[in-house]
Amino acid sequence: GLVISTGGGVVLREENMRALRKKGIIVCLWAEPETIYQRTSGSEERPLLNVDEPLKRIRELLKQRKPYYELADIMIYTDRKDIEGVVSEIIEKLKERGL
Numbered sequence: 178g179l180v181i182s183t184g185g186g187v188v189l190r191e192e193n194m195r196a197l198r199k200k201g202i203i204v205c206l207w208a209e210p211e212t213i214y215q216r217t218s219g220s221e222e223r224p225l226l227n228v229d230e231p232l233k234r235i236r237e238l239l240k241q242r243k244p245y246y247e248l249a250d251i252m253i254y255t256d257r258k259d260i261e262g263v264v265s266e267i268i269e270k271l272k273e274r275g276l
């Protein structure tokens with residue numbers, strides 16, 4: 178198996194989603210804007226968030242992208258979960274699909 182971690186904007190191009198869906202299962206890791214802000218604040222590697230009001234920008238991006246994120250095969254809500262909890266939930270959802 179292989180895990181591909183894409184940028185959040187990959188879902189905006191239909192051909193990207195087709196290619197990902199053709200080769201595997203799409204898992205969306207979702208978090209509330211405040212959680213994303215806490216996790217990414219101070220990071221120089223987030224050019225879309227290098228703005229005066231990053232939390233506002235996060236909200237805008239999520240509003241724009243949420244309909245696409247909801248097309249994922251599996252949606253995992255990551256707020257208040259540690260990495261082990263998220264991984265366990267992904268494994269559980271994959272097992273439910275017979276994988």
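Numbering-wise, my numbering comes out as the position in the sequence shown, counting from 1, plus 177. Positions of the beta carbon are idealized from the N, C-alpha and C atoms, including for glycine. This one's a predicted model, so the numbers in the text were calculated from it and none came from an experiment.
With 16 other CB atoms within 10 Å as the buried threshold, where does V228 fall? As a working mapping, residue 228 is identified with position 51 in the sequence shown. With fewer than 16 other Cβ atoms within 10 Å, it is exposed.
Any idea which residues DSSP pairs M252 with across the strands? Taking the first residue of the sequence shown as position 1, residue 252 is located at position 75. DSSP lists C205 as partners of M252.
Are the CB atoms of V263 and I251 within a distance shorter than 7 Å? Locating residue 251 in the sequence shown gives position 74, counting from the first residue. Locating residue 263 in the sequence shown gives position 86, counting from the first residue. Against a cut-off of 7 Å, the Cβ pair of V263 and I251 comes out as no contact.
Length of the line joining the Cα atoms of K258 and E191: Residue 258 sits at position 81 when you count from the first residue of the sequence shown. Residue 191 sits at position 14 when you count from the first residue of the sequence shown. If I take the Cα positions, the gap works out to 30 Å.
Using the C-alpha atoms, what's the distance from G186 back to N193? Position 16 of the sequence shown, counted from the first residue, corresponds to residue 193. Position 9 of the sequence shown, counted from the first residue, corresponds to residue 186. For N193 and G186, the distance between alpha carbons rounds to 10 Å.
Give me, in chain order, the residues of the same chain whose beta-carbon lies closer than 6 Å to that of E211; leave out the 5 immediate sequence neighbours on both sides. By one-based count along the sequence shown, residue 211 stands at place 34. Hits under 6 Å: none found.
Apply the 10 Å Cβ neighbour rule to V180 and answer buried if 16 or more other Cβ atoms are within range, or exposed otherwise. Translated into the one-based positions of the sequence shown, residue 180 becomes position 3. Its Cβ having fewer than 16 others within 10 Å, V180 is exposed.
If you drop the 5 nearest sequence neighbours on each side, which residues of the same chain put their C-beta closer than 7 Å to that of W207? Numbered from its first residue, the sequence shown carries residue 207 at position 30. Correct list, in chain order: Y246, M252, I253, Y254, T255.
Alpha carbon to alpha carbon, how far is E266 from S218? In the sequence shown, the residue the question calls residue 266 occupies position 89. In the sequence shown, the residue the question calls residue 218 occupies position 41. Their Cα atoms are separated by approximately 26 Å.
Opening and closing residue of the alpha helix (DSSP H) in which R274 lies: Residue mapping note: residue 274 aligns to position 97 of the sequence shown, counting from 1. Per DSSP, R274 belongs to no alpha helix (DSSP H) and is neither H nor E.
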